[in-house]
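Student: Mind the numbering: the sequence shown is residues 1 to 129 in the UniProt record's numbering, read in order. Virtual Cβ for every residue (Gly too), placed ideally from N, Cα, C. The following block contains the structure, expressed as C-alpha cells.
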Amino acid sequence: MKRYLLGASAVAIAVAGALFVLWPRSVEAQPHLAESGQLRFVLTPASTKSGVNSFDLRITDRAGNPAQGAEVVVEPAMPQMGHTIAPITAGPSEPGHYQVGNVELFMAGQWEITVSLGAERVVIPLLLT
Ligand SMILES: [Cu+2]
C-alpha cells in the first residue's frame with residue numbers, strides 16, 4: 001500500500017511537471033529592434049496573435065535622442081503570400097514616441113512591418129500565431 005502511494009505521487013509529480021512545461025502560455029509581445037542608417041527603431045506590438053493589433057514605436061537617433069519627424073509610416077506586408085495592407089501614418093504622442101492603432105494583421109504567419117520616418121526605413125519581422 002505504501003509503495004502504491006509512492007508510485008501514485010511520483011506519477012502526479014510527473015504529470016504536473018509535464019503540464020507546467022507543455023501548458024500553452026500567451027506569448028509576451030517582445031520589443032523588436034531595428035536600425036537604419038541614422039535611427040534606431042523599437043517596435044512593440046500589443047499582441048502576437050493575428051487580428052487587430054497596435055504598435056508602440058520608439059524612434060531615437062544613434063545617440064539615444066528622440067527622433068525628429070512629423071509622421072511615421074507603417075506598412076505591414078506578408079511578402080511570401082503577396083499580401084500588403086494600406087500604409088498607416090501616425091504623428092508623435094511625444095518626441096520620438098508613436099502609437100499606431102488599428103493595424104489589421106488578419107492572418108497568422110510571418111509578417112514584415114516596414115517603418116519609415118522621413119528617408120529612414122527599416123523592415124521588422126513579426127511572427128503571429
Ligand atoms: Cu497571408
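#1: Report, in whole angstroms, the separation of the C-beta atoms of residue 38 and residue 61, which I expect to be a contact under 8 angstroms.
#2: Please report the distance separating the alpha-carbon of residue 97 from that of residue 71.
#3: Ligand 1 and residue 97: does any heavy atom of the ligand fall closer than 7 angstroms to the residue's C-beta?
#4: To the nearest angstrom, how far is the alpha carbon of residue 112 from that of residue 32?
#5: In the structure shown, what three-state DSSP assignment does residue 62 receive?
#6: Have a look at 51, 76, 36 and flag the residue whose alpha-carbon is nearest the alpha-carbon of residue 59.
#7: Along the chain, where does the beta strand (DSSP E) that runs through residue 107 open and close?
#8: The beta strand (DSSP E) with residue 124 in it runs from where to where?
#9: I'd like the list of long-range same chain contacts for residue 34, defined as Cβ closer than 6 angstroms, with 5 residues on each side in sequence excluded.
#10: Using only Cβ atoms and a threshold of 5 angstroms, which residues come within that distance of a heavy atom of ligand 1? Order them by chain position.
#11: Could you check what DSSP says for residue 88 in three-state terms: helix, strand or coil?
#12: Using alpha carbons as the reference points, say which of 84, 107, 92, 65 lies closest to residue 52.
#13: Would you call residue 79 buried or exposed, if buried means 16 or more other Cβ atoms sit within 10 Å of its Cβ?
Tutor: Looking at the coordinates:
#1: The beta-carbon separation of residue 38 and residue 61, rounded to 6 angstroms, stays under the 8 angstroms limit for a contact.
#2: Distance between the alpha carbons of residue 97 and residue 71 is about 11 angstroms.
#3: For residue 97, the CB stays at least 7 angstroms from every heavy atom of ligand 1.
#4: Taking the straight line from one Cα to the other gives about 12 angstroms.
#5: Secondary structure at residue 62: coil, using DSSP grouped into helix, strand and coil.
#6: Per the Cα distances, 36.
#7: From DSSP, residue 107 is part of no beta strand (DSSP E); its letter is neither H nor E.
#8: In this chain, the beta strand (DSSP E) harbouring residue 124 covers 120-128.
#9: Excluding residues up to 5 positions away in sequence, 41, 122, 124 lie with their Cβ nearer than 6 angstroms to the Cβ of residue 34 in the same chain.
#10: For ligand 1, residues qualifying as neighbours are 78, 81, 83, 107, where qualification means a beta carbon closer than 5 angstroms to at least one of its heavy atoms (chain order).
#11: Three-state DSSP puts residue 88 in a strand.
#12: Minimum Cα distance to residue 52 is reached at 107.
#13: By the neighbour-count criterion, in which a residue is buried when 16 or more other Cβ atoms sit within 10 angstroms of its Cβ, residue 79 is exposed.
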